[in-house]
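Novice: Numbering (the numbering used here), first residue to last: 62 to 203. Think of the CB as a built atom: it goes at the ideal place given N, C-alpha and C, for glycine as much as any other residue. Only a predicted model underlies this, so the values are computations on that prediction, with no experimental measurement involved. One structure, pasted below without further comment.
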Amino acid sequence: QHANNVALENGITVPKCLELVSKARASGLTVPIILMGYYNPILKYGEEKMIEDSAKAGANGYIVVDLPPEEAGQFRSICARRGMSYVPLVAPATTDERLKVLSTIADSFIYVVSRMGTTGALTEVSSDISTLCERVRKFSGS
């Protein structure tokens with residue numbers, strides 16, 4: 062949330078982010094670019110338009126931290142039509158049953174949350190991270 066507020070205070074907008082992606086691609090960046098954020102800006106921009114514009118800019122997919130797969134059917138369908146990935150998140154508390162479901166949804170990779178709390182915060186990495194990664198591999202087949 063703090064990073065989001067700092068970005069807004071500095072005038073960062075969805076079009077500016079997409080422009081950065083486009084410039085990165087134009088300068089020769091070839092690694093996949095996954096956009097990570099909250100669902101509300103996508104909803105405000107328009108799902109279809111957001112996915113179309115980000116694909117045109119050169120992005121490869123999304124991690125939407127507050128859009129659970131059960132509520133992301135339309136978003137995932139639009140992503141699939143545009144060749145974009147929808148990346149599910151798993152946390153140390155994710156059950157095996159849920160991990161099985163998330164593994165079937167993942168079309169590129171699964172984002173493993175290595176600590177509880179805010180991403181980037183100075184907290185300790187979960188001591189169970191190795192176990193979680195083993196579980197992800199077991200259910201995803203990788």
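Based on DSSP bridge pairs, tell me the residues matched to residue 172.
Specialist: Residue 172 pairs with 150.
Novice: What three-state label does DSSP hand residue 100 in the structure shown?
Specialist: helix
Novice: If we count the other Cβ atoms within 10 Å of its Cβ and call it buried at 16 or more, is residue 192 buried or exposed?
Specialist: exposed
Novice: How close, in whole Å, do the beta carbons of residue 197 and residue 173 come, if the pair is a contact with beta carbons under 8 Å?
Specialist: 6 Å
Novice: Alpha carbon to alpha carbon, how far is residue 139 from residue 105?
Specialist: 16 Å
Novice: Could you name the residues of the same chain whose beta carbon sits closer than 7 Å to that of residue 170, not counting the 5 residues immediately before and after it, in chain order?
Specialist: 148
Novice: Apart from the five residues on each side of it in sequence, which residues of its chain come closer than 8 Å, Cβ to Cβ, to residue 66?
Specialist: none
Novice: Can you tell me where the alpha helix (DSSP H) holding residue 144 begins and where it ends?
Specialist: That residue, residue 144, is in no alpha helix (DSSP H); it is neither H nor E in DSSP.
Novice: Identify, in the order they occur along the chain, each residue of the same chain with its Cβ nearer than 8 Å to the Cβ of residue 161, setting aside the five sequence neighbours on each side.
Specialist: The residues 200, in chain order, have a CB closer than 8 Å to that of residue 161 in the same chain once the five nearest residues on each side in sequence are set aside.
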